[in-house]
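Asker: The sequence shown begins at 0 in numbering that gives the first Met the number 0 and counts up by one. Yeah, the Cβ is synthetic: ideal placement off N, Cα and C, and Gly gets one too.
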Amino acid sequence: MAKGFTHDISLSPASSGAARSLYWMTDLHLDAMPEEKWKLFFRQLSHEAFDGLLIGGDIVNGINSLKVLKEIEGIIERPLYFVLGNHDFYYGSIEKIRKLAKALAMKTANLHYLTYSDPIPLNADVALVGHDGWSDARTGNFLASTIMLNDYLFIEELKKLKGKDLEGKLQELGHKSALSAEIVLMKALDQFKTVVFLTHSSPFREACLYEGKICDDNWGPHFVSTAVGQMLSKAARAYPDKSLLVLSGHSHEKADVSMADNLRVLSGKTDLGSLCLQGVIRL
Numbered sequence: 000m001a002k003g004f005t006h007d008i009s010l011s012p013a014s015s016g017a018a019r020s021l022y023w024m025t026d027l028h029l030d031a032m033p034e035e036k037w038k039l040f041f042r043q044l045s046h047e048a049f050d051g052l053l054i055g056g057d058i059v060n061g062i063n064s065l066k067v068l069k070e071i072e073g074i075i076e077r078p079l080y081f082v083l084g085n086h087d088f089y090y091g092s093i094e095k096i097r098k099l100a101k102a103l104a105m106k107t108a109n110l111h112y113l114t115y116s117d118p119i120p121l122n123a124d125v126a127l128v129g130h131d132g133w134s135d136a137r138t139g140n141f142l143a144s145t146i147m148l149n150d151y152l153f154i155e156e157l158k159k160l161k162g163k164d165l166e167g168k169l170q171e172l173g174h175k176s177a178l179s180a181e182i183v184l185m186k187a188l189d190q191f192k193t194v195v196f197l198t199h200s201s202p203f204r205e206a207c208l209y210e211g212k213i214c215d216d217n218w219g220p221h222f223v224s225t226a227v228g229q230m231l232s233k234a235a236r237a238y239p240d241k242s243l244l245v246l247s248g249h250s251h252e253k254a255d256v257s258m259a260d261n262l263r264v265l266s267g268k269t270d271l272g273s274l275c276l277q278g279v280i281r282l
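(1) Look at the alpha carbon of Asp-164 and the alpha carbon of Gly-139, and state the distance between them as a whole number of angstroms.
(2) Would DSSP call Trp-23 helix, strand or coil?
(3) Nearest by alpha-carbon distance to Lys-101: which of Leu-244, Leu-52, Leu-274 and Tyr-115 is it?
(4) Suppose the cutoff is 7 Å on Cβ atoms and the five residues either side in sequence are ignored; what does the same chain contact list for Asp-50 look like?
(5) With 16 as the cutoff for other CB atoms within 10 Å, does Leu-10 come out buried or exposed?
(6) If the criterion is Cβ atoms closer than 8 Å, does the pair Leu-68 and Phe-88 meet it?
(7) Skipping 5 residues on each side, what residues in its chain have a beta carbon closer than 6 Å to that of Leu-152?
(8) Under 8 Å between the Cβ atoms of Ile-8 and Val-279?
(9) Let me check you understand the geometry: is the CB of Leu-184 closer than 7 Å to at least one non-hydrogen atom of the ligand ADP?
(10) Please work out which residues of its chain come closer than 8 Å, Cβ to Cβ, to Ser-232, disregarding the five sequence neighbours upstream and downstream, and give them in chain order.
(11) For Val-256 and Leu-169, I'd like the C-alpha separation in whole angstroms.
(12) For Arg-137, which three-state DSSP category applies?
(13) To test your reading of the DSSP string, which unbroken beta strand (DSSP E) runs of 3 or more residues are found completely within the region 106-171?
(14) With respect to the beta strand (DSSP E) encompassing Leu-79, which residues constitute its N-terminal and C-terminal limits?
(15) Quick one: what's got a C-beta closer than 8 Å to Val-59's C-beta in the same chain, skipping five residues either side?
(16) Going by the beta-carbon positions, is the gap between Gly-91 and Glu-155 smaller than 8 Å?
(17) Need the endpoints of the alpha helix (DSSP H) that Gly-219 sits in, please.
(18) Look at Ser-224 and Ser-200 and say whether their C-beta atoms are less than 8 Å apart.
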């Protein structure tokens with residue numbers, strides 16, 4: 000099962016303690032396949048030697064994502080660390096679904112919603128943080144873009160907005176994501192040598208690819224979480240002796256980009272209707 004994944008990441012082991020590994024998945028889109036197919040995948044996964052699962056959003060369309068996350072956690076019987084993607088908010092409200100996700104995680108020991116979590120130690124040297132983020136219309140030219148995402152039809156906060164108003168709301172969502180994530184990230188960088196940052200949309204155009212090419216100004220507004228990227232770059236400059244590893248998705252294309260000597264950004268390759276691991280993180 001763990002063979003053939005996109006990224007194999009080895010982080011500096013702690014000075015003491017047993018080796019650990021985390022599996023990473025993103026853009027599952029489980030409603031694009033029969034329920035028994037994805038349940039079989041996770042049942043088979045549960046027999047492997049790993050210590051936790053990271054899920055980077057787009058689990059299914061809408062609030063059923065939370066029910067599915069609970070089911071996956073019950074199958075694998077390990078810590079499940081997650082953020083939500085744009086599809087997880089379809090047919091509902093971003094604010095309300097985030098609150099429900101937070102409440103679910105608070106009452107489920109193995110579920111960790113990183114958007115509302117403090118830094119989680121993975122070992123003495125490495126911590127995990129994360130945030131949903133949001134593709135925020137700051138990269139490329141939103142008003143001239145010909146792309147129309149279903150986000151703008153099916154998400155409560157967006158579906159009544161057009162043009163400049165929609166652009167402004169997307170920028171607001173991105174800005175708030177960056178502010179919230181920065182607080183937790185700085186706590187982690189103060190205490191740990193390496194921080195893993197899980198998010199949904201790529202924070203950098205350079206790591207947002209389509210058919211091997213960097214996304215253009217037409218697609219960029221809808222696929223890059225620019226404010227979060229600016230925050231990550233700022234953090235990397237402020238902590239030059241620390242390392243940041245960013246795990247992202249949304250574009251369904253593989254990317255592995257160094258934005259600075261201490262800032263590496265990965266994006267996971269996914270195919271609609273099938274499941275595989277996007278990465279294994281070895282500690």
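Answerer: With the structure as the only source:
(1) Computed Cα separation, rounded: 17 Å.
(2) Strand at Trp-23.
(3) Just measuring C-alpha positions, the residue of Leu-244, Leu-52, Leu-274 and Tyr-115 sitting nearest Lys-101 is Tyr-115.
(4) Correct list, in chain order: Arg-19, Ser-20, Leu-21 and Arg-77.
(5) Counting Cβ neighbours within 10 Å, Leu-10 comes out buried, since at least 16 surround it.
(6) No; because the gap between Cβ atoms is not below 8 Å, this pair is not in contact.
(7) Excluding residues within five positions, the ones whose Cβ falls inside 6 Å are Lys-158.
(8) Result yes, Cβ atoms of Ile-8 and Val-279 sit closer than 8 Å.
(9) Of the ligands one can find in the structure shown there are none, so the ligand ADP has no counterpart to examine.
(10) Result list for Ser-232: Met-258, Ala-259 and Leu-262, in chain order.
(11) The C-alpha of Val-256 lies about 25 Å from the C-alpha of Leu-169.
(12) In this structure, Arg-137 counts as coil in the three-state DSSP scheme.
(13) Runs found: 110-112 and 125-129.
(14) Its beta strand (DSSP E) spans residues 79-81.
(15) The residues Leu-27, His-28, Leu-29, Asp-30, Val-67, His-86 and Asp-87, in chain order, have a CB closer than 8 Å to that of Val-59 in the same chain once the five nearest residues on each side in sequence are set aside.
(16) Going by C-beta atoms, Gly-91 is nearer than 8 Å to Glu-155.
(17) According to the DSSP assignment, Gly-219 belongs to the alpha helix (DSSP H) that extends over 219-222.
(18) It is a contact, given that the beta carbons lie within the stated cut-off.
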